[in-house]
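Trainee: Here it is, the structure, as structure tokens.
Residue numbers (my numbering): 1230 to 2224.
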């Protein structure tokens, strides 16, 4: 396929022959070690070759064989296959050709901000569900592609580690190692003695809490890669008066502070809630990016300009216009409240619990015991509002606050286990039922087994009367189980049934493990009664499952079974808030039911964000909030927090975290309920006691003030300073060079049809194709991408995203990429059977699209690209581009066509056949001309393409205010001639002399 070249030059982008095949020389090659990629191969095929030990000779790309003729579609298939296969694109965004994601225009704004900085320091605070992971990944991919970063570490919670690994591997081709408590033992065994698990050039996903411990932190800091992403970064800071997780947050902050102190380390902080309503933690977070941000006044122009360099935050409304091309993003979220009335037995038990709480707190001896009793009774009220199962569990579990030694310690413990504070470290371990059982000072005569929750009441140090009362309440709670007396559960069954009948697939969010399991068990029973026409699959996912087990449980509910049968469309997932962050469920679910009210509106936003996000195929998602109309606990949470939050959000368009005053407001109102036995009416201010009214007013004023401040500041943030239009032309040009959406769709369908995939149109758009009859190599690639039990036939979606096991018709989808590579490989190798070669390198086509003989050449240019780096040096990289050129007349005297006319030939339809011998002779004459005068013209065009490429890089770097000194693009060798196609006038047209 190659012929020996005259000069033994091994510059970047040049071709060499070694080990029996042809290779492209890549950057980082030296005289002693060549880094090579097979011609037409992928990055996984890259190899190192030692010229001193192996024979390496310069090579040139072999011309086509004149007799290897194809039909009218050959040229188009070959051209698109080539462009889809590019992994070293020529455009200014070096990584776009090698990633498996098609970024939306707004997602390029953080990347542009990063390119403006010598050391990248950004806080990406976009709304839930609009792609912060992709935005961070784009920056990572670009820094690695340009050589400005060597390695990567992602700091996150263990529950999100597997998802981060899947995102990095599937979308950005980064294979990261998990460093978690469950994996560290194996990693240490695999690491040579005396060496660190971490290497500066490695890729890692690390548990933040694991690595912050003194045992591991020093080694990590010493060997940490130069690029760090911190997920849910708001959990790593706390203000000096924090009541919850203060020590944990301080340890996390200490770790980040140490990492940020390295001036050369890139740091990306990612969170949808950067501001918890408290200024100090927000400032500490910003201070990690630049010390000036910790104190600068944002009311000044200088302060706002400084912030705009490091902070980007967009809401859904800001980016809605970027989804007008049919990409899947919900146009609306239909939110509603669904009420129910307590059964008389449930209401009676709630009244008994309130009376017990009042007496217990009032009779406390001293501040410590009073705070302990306060939180234990509040836990009992909340669990009873959740479910009978949670109440029984709480009544049989010792209160965690009993271990506290001071009132302040009691409050910290109570807030972390009973409330949903904004600065809680995670919902990860917060779904255990909080205990409400407290001993009396008098020790019991005989103690029972404290490890047995069922024996907790009888074994606790409680006097006989109180013990009998607690036992009676636990028994009464147990009798409420089931939809007969638990009207909340009954209402849920009706609500879920309505959603299922309307085609929705809901997630039911509960506060506690006991509630989730209780709800899932009853739903499974009620929705699948004997004789049910359409069975419903139900599963419960809670914090008692490990992160891997949670993903497996979801996969069992939503994926194909062992026989390859698809998941049931009628399905319900019941979960605690262990799934409210990080795990994306939009491909399998499209409605959320808040079975339990969160005591923090942000938690509701997080829950709904699991389905209301990019990739959701349902245009109108549902969010339903279940509440007890006569439940005073629900009444307080709704009126003090949830409804005010929603009212402010609708009025200002801003979802603002709960202000600091919310804790004291909730405390005041619950005191009113528990100590005085009254439920305040929030709609009639006259019923407020003056103290409660003042606290509530302060909360609302603080909340509205915070909303107005954030609304006003939005116009000052970086996303409004860097316009995506500044790079839109460059992005469009890059996308066109790599294959437009319509081209990719047409190519995939036509190629699979030629390869016996039997594509068939779908009413919903896209098509299906069968994989069983595909060539073995392509069939194996499809199985590797979709899994061995993928649905058959395979569904190809005419959209930028697709559910698991299906294909999105984009150039970056693994199945599309595998198809393109197979088509290109077989076109270049004549040894494959004819039916497996839908693309050929030559063709002679009779068509009415031309009036004179016209030759089209498919070219591949390689460029040596010199890019200025942040440290002032220049780095050499390889770039590739595909071009189509055409000329009228004889090859000895060509009349060159404009580019648009050359491209139009790809759409020409054949109107007649050409004799194979005649066609081969004509192709041979064109190839002969390539060895003489034609190549001179192609070299000039290669130089012109290099100048265009250099200008494109110059424009983007100018917009990003990046370095320009040393920027240069130069052609590397002669362009490769991949295809030669002659178009002859149709026989019905009177031919000229040169026909």
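Even glycine gets a Cβ: it sits at the ideal position worked out from N, Cα and C.
#1: Quick check on residue 1314 - is its C-beta less than 7 Å from some C-beta in chain C?
#2: Just curious, the beta strand (DSSP E) that residue 1601 is in, first and last residue?
#3: Are the Cβ atoms of residue 1606 and residue 1859 separated by less than 7 Å?
#4: Measure the Cβ-Cβ separation of residue 1349 and residue 1433 and say whether it is below 7 Å.
#5: Please state if the CB of residue 1533 and the CB of residue 1527 are separated by a distance shorter than 7 Å.
#6: Hey, how far is the Cα of residue 1608 from the Cα of residue 1702?
#7: Does the beta-carbon of residue 1241 have 16 or more other beta-carbons within 10 angstroms, so that it is buried, or is it exposed?
#8: Do you know how far the Cα of residue 1826 is from the Cα of residue 1719?
#9: Consult DSSP for residue 1762 and reduce its assignment to one of helix, strand or coil.
#10: Have a look at 1485, 1376, 1443 and 1846 and flag the residue whose alpha-carbon is nearest the alpha-carbon of residue 2102.
#11: Need the endpoints of the beta strand (DSSP E) that residue 1566 sits in, please.
#12: Taking Cβ positions, are residue 2076 and residue 2115 nearer each other than 7 Å?
#13: Just list the residues that DSSP pairs residue 1990 with in beta bridges.
#14: I'd like the list of long-range same chain contacts for residue 1409, defined as Cβ closer than 7 Å, with 5 residues on each side in sequence excluded.
#15: Around the C-beta of residue 2176, are 16 or more other C-beta atoms found within 10 angstroms, so that it is buried, or is it exposed?
#16: With which residues is residue 1266 paired in a DSSP beta bridge?
#17: To the nearest angstrom, how far is it from the Cα of residue 1619 to the Cα of residue 1612?
#18: Is DSSP giving residue 1970 helix, strand or coil here?
#19: Assign residue 1366 to buried or exposed, taking buried as 16 or more other Cβ atoms, counted over all protein chains shown, within 10 Å of its Cβ.
#20: Would you check if the region 1408-1423 and the region 1352-1371 touch, i.e. whether three or more CB-CB distances between them fall below 8 Å?
#21: Do you know whose CA, among 1500, 1797, 1804 and 1843, lies nearest residue 1737's CA?
#22: Return the residue from the list 2192, 2160 and 2078 that minimises the CA-CA distance to residue 2216.
#23: Going by DSSP, name the residue or residues bridged to residue 2085.
#24: Taking the straight line between their C-alpha atoms, what separation do you get for residue 1854 and residue 1867?
#25: Following the continuous alpha helix (DSSP H) through residue 1350, name the residue where it begins and the one where it ends.
#26: So residue 1359 and residue 1543 are in contact, right, with Cβ under 8 Å, and what is the actual spacing, rounded?
#27: Let me know if residue 2195 comes out buried or exposed under the rule of 16 or more other beta-carbons within 10 Å of its beta-carbon.
#28: Reducing DSSP to helix, strand and coil, say where residue 2140 ends up.
#29: Mapping the DSSP letters down to three states, classify residue 1547 as helix, strand or coil.
#30: Based on the DSSP output, what are the partners of residue 1736 in its beta bridges?
#31: If we ignore side chains and look at the alpha-carbon of each, how far apart do residue 2056 and residue 2040 end up?
#32: Report yes or no: do the region 1590-1600 and the region 1707-1727 share at least 3 C-beta pairs separated by less than 8 Å?
#33: Which residues bound the alpha helix (DSSP H) around residue 1289?
#34: Look at the alpha carbon of residue 2230 and the alpha carbon of residue 1306, and state the distance between them as a whole number of angstroms.
#35: So if DSSP puts residue 2065 in a beta bridge, which residue, or which two residues, is it bridged to?
#36: Name the residue from 2021, 1843 and 2049 whose alpha carbon lies nearest to the alpha carbon of residue 1996.
Mentor: In terms of the structure at hand:
#1: The chain inventory of the structure shown lacks chain C, comprising one protein chain alone.
#2: Locating residue 1601 in the chain shown gives position 372, counting from the first residue. Here residue 1601 belongs to no beta strand (DSSP E); instead the alpha helix (DSSP H) covers 1596-1615.
#3: For the purposes of this step, residue 1606 is taken as residue 377 along the chain shown, with counting starting at 1. For the purposes of this step, residue 1859 is taken as residue 630 along the chain shown, with counting starting at 1. Against a cut-off of 7 Å, the Cβ pair of residue 1859 and residue 1606 comes out as no contact.
#4: Locating residue 1349 in the chain shown gives position 120, counting from the first residue. Locating residue 1433 in the chain shown gives position 204, counting from the first residue. Not closer than 7 Å, so no.
#5: Looking up residue 1527 in the chain shown gives position 298. Looking up residue 1533 in the chain shown gives position 304. Result yes, Cβ atoms of residue 1527 and residue 1533 sit closer than 7 Å.
#6: What you label residue 1608 is simply residue 379 of the chain shown in a count that begins at 1. What you label residue 1702 is simply residue 473 of the chain shown in a count that begins at 1. So the two alpha carbons sit approximately 14 Å from each other.
#7: Taking the first residue of the chain shown as position 1, residue 1241 is located at position 12. Answer is buried; the Cβ neighbour count reaches 16.
#8: What you label residue 1719 is simply residue 490 of the chain shown in a count that begins at 1. What you label residue 1826 is simply residue 597 of the chain shown in a count that begins at 1. Near 17 Å, if we compare the C-alpha coordinates of residue 1826 and residue 1719.
#9: By one-based count along the chain shown, residue 1762 stands at place 533. Residue state, collapsed to three classes: coil.
#10: Here residue 2102 is taken as the residue at index 873 of the chain shown, counted from 1. When only C-alpha atoms are compared, the closest one is 1376.
#11: Within the chain shown, the letter at position 337 stands for residue 1566. Unbroken beta strand (DSSP E) run through residue 1566: 1561-1569.
#12: Indexing the chain shown from 1 puts residue 2076 at position 847. Indexing the chain shown from 1 puts residue 2115 at position 886. Going by C-beta atoms, residue 2076 is not nearer than 7 Å to residue 2115.
#13: On the chain shown, position 761 is the one that residue 1990 refers to. DSSP, once it has assigned bridges, lists 1996 as partnering residue 1990.
#14: Reading the chain shown from its first residue, position 180 is the one you call residue 1409. The residues are 1387, 1390, 1436 and 1439.
#15: For the purposes of this step, residue 2176 is taken as residue 947 along the chain shown, with counting starting at 1. Residue 2176 should be labelled exposed.
#16: The residue given as residue 1266 occupies position 37 in the chain shown. Paired residue(s): 1253.
#17: As a first step, residue 1619 must be located in the chain shown, where it is residue number 390. As a first step, residue 1612 must be located in the chain shown, where it is residue number 383. Roughly 5 Å between the two C-alpha positions.
#18: On the chain shown, position 741 is the one that residue 1970 refers to. It is helical.
#19: By one-based count along the chain shown, residue 1366 stands at place 137. Residue 1366 should be labelled buried.
#20: no
#21: Taking the chain shown and counting its residues from 1, the one referred to as residue 1737 is at position 508. Closest by alpha carbon: 1804.
#22: Start at 1 with the first residue of the chain shown, and residue 2216 comes out as number 987. Closest option to residue 2216, Cα to Cα, is 2078.
#23: As a working note, residue 2085 is residue 856 in the chain shown. Paired residues: 2115 and 2210.
#24: Translated into positions along the chain shown, residue 1854 becomes position 625. Translated into positions along the chain shown, residue 1867 becomes position 638. Distance between the alpha carbons of residue 1854 and residue 1867 is about 10 Å.
#25: Sequence index remark: in the chain shown, residue 1350 carries index 121 (1-based). Here residue 1350 belongs to no alpha helix (DSSP H); instead the beta strand (DSSP E) covers 1350-1353.
#26: Looking up residue 1359 in the chain shown gives position 130. Looking up residue 1543 in the chain shown gives position 314. The pair is a contact, with the Cβ atoms about 7 Å apart (cut-off 8 Å).
#27: Indexing the chain shown from 1 puts residue 2195 at position 966. Result: exposed.
#28: Within the chain shown, the letter at position 911 stands for residue 2140. Looking at residue 2140 - three-state DSSP - the assignment turns out to be strand.
#29: What you label residue 1547 is simply residue 318 of the chain shown in a count that begins at 1. It is helical.
#30: Taking the first residue of the chain shown as 1, we reach residue 1736 at position 507. The partner list for residue 1736 (beta bridge, DSSP) reads 1802 and 1821.
#31: Within the chain shown, numbered from 1, the residue matching residue 2056 stands at position 827. Within the chain shown, numbered from 1, the residue matching residue 2040 stands at position 811. Straight-line Cα distance between these residues: approximately 19 Å.
#32: no
#33: Taking the first residue of the chain shown as 1, we reach residue 1289 at position 60. That residue, residue 1289, is in no alpha helix (DSSP H); its beta strand (DSSP E) goes 1286-1290.
#34: Not covered by the structure: residue 2230. The range shown for the chain is 1230 to 2224.
#35: Taking the chain shown and counting its residues from 1, the one referred to as residue 2065 is at position 836. According to DSSP, which records beta bridges pairwise, residue 2065 is partnered with nothing at all.
#36: Working through the chain shown from its first residue, we reach residue 1996 at position 767. Selected option, being the one with the closest Cα: 2021.
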